[in-house]
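Q: Numbers 101 to 604, taken from our numbering, label the letters of the sequence shown in order.
Every residue gets a Cβ at the ideal spot worked out from N, C-alpha and C, and that includes glycine.
Note that the coordinates shown come from a computational prediction; the quantities given were computed from them, not determined experimentally.
I have a structure I would like to understand better, so I am pasting it below and will then ask my questions one at a time.
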Amino acid sequence: MSSLVQSVDWLAIAPPTIAAVAGLVVLVADLFVGETRKPLLGWIAVAGLAAAALMLLPLLDADRATFCLVGDTEVCSYTADRFTLVVQFLVLGGALLCALLSVTALKDSGKRLPEGEYWFLFLSSAAGAALLPASRDLATLVIALEVASLPAFALVGLRHGDRRSSEAALKFFLSSVTATAVSLLGISFVYAATGTLHLTRVAERIQHVDGQLDTLAQTGVVLTLVGFAFKTAAVPFHFWVPDTYVGAPLPIAAYLSVIGKAVGFSGLILVTVVALPSYADAWAPALAVLAALTMTVGNVGALRQQSTRAHSAVRLLAWSSVGQAGYLLVPIAAAGYSGDPERSAGSTLAYALMYGAVNLGAFAVAALVGRAHRLNRVSDYRGLYAASPLTALLMGFFLLCLAGLPPGVIGLFAKVTVFAAAVDAGLGWLAVVMAVNVVIALVYYLRWTALLFRAPEAAPEGEAAAPHRFPAPLTAALALTGVLGIVLSGAPQLVLRFTETGLF
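Below, the structure is given as structure tokens:
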């Protein structure tokens with residue numbers, strides 16, 4: 101059996117490594133920092149994530165790989181190619197924005213969230229999420245997936261004395277552990293049939309599996325895909341999402357909605373497009389059906405949310421994220437029918453970048469409103485324009501981007517890209533389903549947007565409306581997401597250039 105080359109390309113592995121080292125620094129520093137100086141840990145985490153994101157810049161020029169086989173240096177376990185860099189940019193940039201939201205959330209928590217543990221778990225999860233898109237063998241893929249997922253369970257349930265948080269963590273844990281068990285069983289079957297874990301070698305050997313092992317290979321493919329469907333919150337494996345988002349601290353809900361999806365979808369792309377292209381006739385129709393079901397159930401669930409229900413704003417964003425997951429699945433399904441699967445996968449990444457920027461912006465506004473309205477209902481956003489015009493305009497812009505309406509041009513551009521991927525692949529029926537769902541989504545996005553500009557309800561006699569205070573980290577997150585959304589709406593071609601062909 102070939103051994104691995106022990107030389108390491110430190111520049112290639114720098115982004116996830118820096119995030120992991122920052123997590124260890126926070127863990128050790130927590131032992132020596134007094135209670136009054138605990139907020140310093142948050143700024144260490146922010147600095148670590150910023151440094152990890154900056155280390156992507158030296159990797160833009162050429163593909164790099166490390167941990168390669170001695171006998172075949174083309175077969176490596178870690179590859180920093182265009183696909184890797186796009187997803188790492190989304191993961192580390194999104195984690196940085198969530199860290200800024202977390203700085204304020206921890207300050208407001210009244211010591212119910214232990215800062216040292218929070219930041220260590222957060223950075224550990226971000227390191228695993230950054231490692232996953234670079235993984236080019238199934239073992240590293242699963243390890244990265246679990247390094248990203250396991251700390252997230254604890255983060256969801258970390259708030260002391262909160263029954264809702266504990267219940268959310270339990271639901272998230274059980275669903276994710278089930279997904280991991282199913283994936284591992286499927287991967288073990290694939291390994292038994294092919295004798296390798298490296299994705300490119302799996303792609304070669306699974307086409308020539310011995311007849312006696314053919315059923316084993318097919319079962320392994322199905323189980324592996326089912327496991328990743330859990331991770332992407334595709335219907336019918338989405339049941340944990342609304343309760344988990346409501347029970348988790350708001351920055352963690354934002355983290356799961358963007359970085360959690362990036363992890364699941366990048367893993368799904370690697371397994372389907374890179375490792376199992378010869379089984380496209382099996383996974384492509386299955387993913388197309390999952391995409392149709394997921395976008396429909398997610399949008400209908402969001403449409404049914406009552407604006408006066410406690411935590412309805414976060415719950416609506418949770419159901420919306422399920423619907424958005426359906427759109428993200430469309431180009432992956434199209435890759436199985438397309439003559440250019442890399443371009444189809446690029447459409448998923450383009451949509452993910454748009455969704456990540458504007459969805460984190462919406463969560464940033466939700467975090468701001470939640471400071472004055474603890475129940476964070478959709479009805480609490482009524483009259484936001486009168487109280488804070490700029491915040492209301494930003495929230496309206498983010499919602500219109502998610503809906504795909506001008507002036508949110510980047511949202512429209514991303515949806516057209518996904519729609520075109522379905523049409524080009526001959527999936528006309530899926531394009532029709534998507535068009536219907538976009539119309540359904542318009543209803544609840546526009547309803548929420550209109551509420552921002554209505555006259556505020558009169559406060560009860562003797563009570564004054566709570567003012568919206570703007571802490572610096574929260575303001576920075578709002579500014580970054582707002583500027584990114586506006587710039588991309590002005591020049592949407594930047595996203596496609598970043599995710600165009602030549603991903604792998």
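Report the rounded CA-to-CA distance for Val400 versus Ile540, giving the unit in angstroms.
A: Each residue's Cα considered, the two are about 7 Å apart.
Q: Pull up the DSSP beta-bridge partners for Ser276, would you.
A: DSSP output for Ser276 lists no bridge partner at all.
Q: Please state whether DSSP places Ala391 in a helix, a strand or coil.
A: Helix.
Q: Among Ile359, Gly511 and Glu217, which has the Cα closest to the Cα of Val125?
A: The candidate whose alpha carbon is nearest that of Val125 is Glu217.
Q: If you draw a straight line from the alpha carbon of Phe337 to that of Leu323, how long is it in whole angstroms?
A: Their Cα atoms are separated by approximately 14 Å.
Q: Please tell me whether Pro349 and Ala205 are closer than 8 Å, where the distance is taken between their beta carbons.
A: For Pro349 and Ala205, yes; Cβs fall inside 8 Å.
Q: Considering only the beta carbon of each residue, do Ala353 and Tyr345 sit closer than 8 Å?
A: Result yes, Cβ atoms of Ala353 and Tyr345 sit closer than 8 Å.
Q: On the three-state DSSP scale, how would you describe Arg471?
A: Arg471 falls in the helix class under three-state DSSP.
Q: Output the residue ranges of the alpha helix (DSSP H) runs that lie fully inside the stretch 338-371 and measure 4 residues or longer, sorted by chain position.
A: Entirely contained in the stretch 338-371, the alpha helix (DSSP H) runs reaching 4 residues are, in chain order, 341-347, 350-355 and 361-369.
Q: Can you check whether the CB of Leu368 is closer than 8 Å to the CB of Ala433?
A: No.
Q: Bridge partners of Ser235, per DSSP?
A: Looking at the DSSP assignment, Ser235 forms a beta bridge with Tyr178.
Q: Measuring only the C-alpha atoms, how far is Ala450 from Leu159?
A: One C-alpha to the other measures close to 19 Å.
Q: Secondary structure at Thr408, three-state DSSP: helix, strand or coil?
A: If DSSP states are grouped into helix, strand and coil, Thr408 belongs with coil.
Q: Determine the direct distance from the alpha carbon of Gly194 to that of Ala579, and round the result to whole angstroms.
A: So the two alpha carbons sit approximately 14 Å from each other.
Q: Using beta-carbon positions only, say whether Lys271 and Asp172 come within less than 8 Å of one another.
A: Not a contact, by the Cβ cut-off of 8 Å.
Q: Using 8 Å as the threshold, is the C-beta distance between Lys361 and Leu428 below it?
A: Yes, they are a contact pair.
Q: With a Cβ-Cβ cutoff of 8 Å, do Ala425 and Thr394 count as a contact?
A: Yes.
Q: So Val478 packs on Leu551, CB below 8 Å; how close in whole Å?
A: Val478 to Leu551, Cβ: 7 Å. Contact.
Q: What are the partner residues of Cys168, as DSSP defines its beta bridges?
A: According to DSSP, Cys168 bridges with Cys176.
Q: Would you report the Cα separation of Ala382 and Thr117, rounded to the nearest angstrom?
A: So the two alpha carbons sit approximately 37 Å from each other.
Q: CB Leu494 to CB Val465, shorter than 8 Å?
A: Going by C-beta atoms, Leu494 is nearer than 8 Å to Val465.
Q: Starting from the Cα of Trp100, find the closest Cα among Leu484, Trp219, Val587 and Ile306 and give me that residue.
A: Absent from the structure is residue 100, since the part of the chain shown begins at 101 and ends at 604.
Q: In angstroms, rounded to a whole number, what distance separates the CA positions of Ala252 and Ala151?
A: About 22 Å.
Q: Within 10 Å of its beta-carbon, does Arg259 have 16 or more other beta-carbons around it, so buried, or fewer, so exposed?
A: Counting Cβ neighbours within 10 Å, Arg259 comes out buried, since at least 16 surround it.
Q: Give me the Cβ distance between Leu201 and Ala577, rounded to the nearest whole Å; I'm assuming they're in contact under 8 Å.
A: Between Ala577 and Leu201 the Cβ distance is about 5 Å, and since that is below 8 Å, they are a contact.
Q: Check His298 in the structure and name its three-state DSSP category.
A: It is a strand residue.
Q: For Pro139, does the count of other Cβ atoms within 10 angstroms reach 16, so buried, or fall short, so exposed?
A: Pro139 is exposed by the Cβ-count criterion.
Q: Three or more C-beta pairs closer than 8 Å, one from the stretch 439-450 and one from the stretch 303-318: is that the case here?
A: Judged by Cβ distances under 8 Å, the stretch 439-450 makes no contact with the stretch 303-318, as fewer than three pairs qualify.
Q: Please report the residue range of the alpha helix (DSSP H) in which Arg547 lies.
A: Arg547 -> alpha helix (DSSP H) spans Gly528 to Leu552.
Q: Exposed or buried, what is Thr136 when buried is set at 16 or more other beta-carbons lying within 10 Å of its beta-carbon?
A: Result: exposed.
Q: Any chance the stretch 208-217 sits against the stretch 581-601, with 3 or more Cβ pairs inside 8 Å?
A: No, the stretch 208-217 does not touch the stretch 581-601.
Q: Relative to the alpha-carbon of Ala227, which residue among Leu584, Gly123 and Phe463 has its alpha-carbon at the smallest distance?
A: Of the candidates Leu584, Gly123 and Phe463, the one whose C-alpha sits nearest the C-alpha of Ala227 is Gly123.
Q: Judging by CA-CA distance, which residue of Val583, Ser235 and Ala535 is the nearest neighbour of Ala375?
A: Minimum Cα distance to Ala375 is reached at Ser235.
Q: Can you grab the Cα-Cα spacing for the pair Thr278 / Gly327, in whole Å?
A: Using only the alpha carbons, I get a separation of about 8 Å.
Q: Taking Cβ positions, are Leu127 and Ala452 nearer each other than 8 Å?
A: Contact flag unset, no.
Q: What first and last residue would you give for the alpha helix (DSSP H) that runs through Trp143?
A: That run of the alpha helix (DSSP H) goes Pro139 to Leu154.
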